[in-house]
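Residue numbers (the UniProt record's numbering): 1 to 420.
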């Protein structure tokens, strides 16, 4: 961490031209635009949903953006946000957004060797907001940020993989808060679509846990991306990532005590077969809670960012490791303004991609290199000024997945990077 901070300071004191790499595009280039668009969202592990969204960018010749969305289908979500409100021009920016959701996201058993049939489906409904302050220098090559997220949610029901509802589910409203702070060195030629350079990110997530039955832990994520130029405007990208959970206050881990605390009331079921199935689910739930309290939960693998062949949150444990490479072939390099009835902006290109990824998780660091999962696939991207729309198709050991999402993979702030 000390070396990382020294690097940040060194980069902040020297102009980018001293390194021989300048931005291809001005990061503070203000071009008014707006988009009203249908949304067809597919996130492995959450499902499919469709709806509508609207975005207005660079309002009144400033960097301020505003948008909103509504989705309905196998999951529901809505939200509104504004981004890039400059409190100190080109140096201090405020982002803020509010959201609601109603989802049944699969929660898989811990570990890299867990089976894709071993999961539960909590039906969760909630709302919240997130705000972030970002301090930036040197054409946004150097950034530090502080983020707060607050949610109120309620678990309505929990189903097993066979669709059987669990008894004894706590349906009371719960609060979830966390603070995240971090820093980034973005020594690349473009923040949105880098073709050469290196990007180093470090963040620390500190959940505010008010439940005495759950351990208090922090999650530290480190992310390194390298971009090598190919030809005139294509690139070969590489990514290395690690996430580690650090338990700072351990809650109960004894299985017999946990069975009394979070049991499913199996003894009240008269049918022996049903009671046996309930007991098996209870034993599994107790084992998961014991491991969670002992090791915490690092940022999981699977979903839109890493191991894209697997569902959202497919692999989780106390530690995560990931390595990926992606060949991005730009079919053109353009800046074409367009002005339709519902859309106005600038399209900057089309891109094909081929990628390969490996990742693993474990509660013990010493066991991380023993077993990896693999993901390989191809993608199609449409690049606009300010946004990248991507469609990825990937295959892995458990089959395939298709992801339709906004922005490139390997991010640290995507919607499926939850530690809760």
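Backbone N, C-alpha and C define an ideal beta-carbon position, used for all residues, glycine too.
Excluding the 5 residues flanking residue i on each side, which residues of the same chain have their C-beta closer than 6 Å to its C-beta?
i           : result
residue 281 : 160
residue 77  : 71, 101
residue 116 : 398
residue 308 : 375, 392, 394, 403
residue 111 : 317
residue 146 : 133, 181
residue 325 : 238, 356
residue 108 : 114, 119, 314
residue 255 : 286, 290
residue 207 : 178
How should residue i be labelled, buried or exposed, when 16 other C-beta atoms within 10 angstroms of its C-beta is the threshold for buried?
i           : result
residue 197 : buried
residue 366 : exposed
residue 318 : buried
residue 300 : buried
residue 361 : buried
residue 375 : buried
residue 223 : buried
residue 341 : exposed
residue 264 : buried
residue 75  : buried
residue 421 : No answer is possible for residue 421: the residues shown for the chain start at 1 and end at 420.
residue 409 : buried
residue 304 : buried
residue 348 : buried
residue 13  : Its pLDDT being 42, under 50, residue 13 is placed unreliably by the model, and nothing is read from it.
residue 412 : buried
residue 158 : buried
Three-state secondary structure (DSSP) at residue i?
i           : result
residue 295 : helix
residue 59  : helix
residue 317 : coil
residue 366 : helix
residue 231 : coil
residue 209 : coil
residue 110 : coil
residue 386 : coil
residue 252 : coil
residue 302 : coil
residue 92  : strand
residue 279 : helix
residue 220 : strand
residue 115 : coil
residue 243 : strand
residue 215 : coil
residue 199 : strand
residue 260 : helix
residue 285 : helix
residue 272 : helix
residue 172 : coil
residue 267 : helix
residue 335 : coil
Since residue i and residue j are thought to touch, with beta carbons under 8 Å apart, how far apart are those beta carbons, to the nearest angstrom?
i           : j           : result
residue 204 : residue 185 : Incorrect: roughly 16 Å between the Cβ atoms, too far for contact.
residue 353 : residue 386 : In fact, because the Cβ distance is near 20 Å, the residues do not count as touching under 8 Å.
residue 136 : residue 91  : 6 Å
residue 155 : residue 171 : 6 Å
residue 118 : residue 152 : Residue 118 to residue 152, Cβ: 29 Å. No contact.
residue 30  : residue 63  : 6 Å
residue 383 : residue 193 : 6 Å
residue 302 : residue 321 : With a Cβ gap of about 14 Å, residue 302 and residue 321 do not count as contacting.
residue 162 : residue 215 : The pair is not a contact, with the Cβ atoms about 30 Å apart (cut-off 8 Å).
residue 421 : residue 323 : With the chain running from 1 to 420 in the structure shown, residue 421 is simply not present.
For residue i, I'd like the list of residues in its chain whose CB is within less than 7 Å of its CB, leaving aside the five on either flank, ordered along the chain.
i           : result
residue 150 : 128, 129, 177
residue 230 : 236
residue 217 : 245, 246, 247, 248, 296
residue 195 : 189, 227, 229, 233, 235
residue 83  : 65, 95
residue 2   : With a pLDDT of only 45 at residue 2, under 50, the local geometry of the prediction cannot be trusted, and the value read off the model is given with reservation. Excluding positions up to five away in sequence, the list is empty.
Taking the DSSP output, what are the residues bridged to residue i?
i           : result
residue 130 : 97, 149
residue 329 : 352
residue 136 : 143
residue 237 : 227, 326
residue 159 : 121, 165
residue 342 : DSSP, once it has assigned bridges, lists no residue as partnering residue 342.
residue 408 : Note: residue 408 sits in no beta bridge, so no partner.
residue 87  : Note: residue 87 sits in no beta bridge, so no partner.
residue 375 : 357, 396
residue 72  : 50
residue 391 : 380, 404
CB of residue i to nearest heavy atom of the ligand ZN: below 7 Å?
i           : result
residue 288 : In terms of ligand content, the structure shown is empty, and the ligand ZN therefore cannot be addressed.
Taking 8 Å as the limit between beta carbons, can you name the residues of its chain near residue i, skipping five residues before and five after?
i           : result
residue 52  : 36, 37, 38, 39, 69, 70
residue 54  : 34, 35, 36, 37, 67, 68, 69
residue 15  : Any reading at residue 15 needs caution, since the residue's pLDDT is 41, under 50, leaving its predicted position unreliable; the model's value is listed next. Here the set comprises 138.
residue 105 : 45, 46, 75, 121, 122, 124, 312, 313
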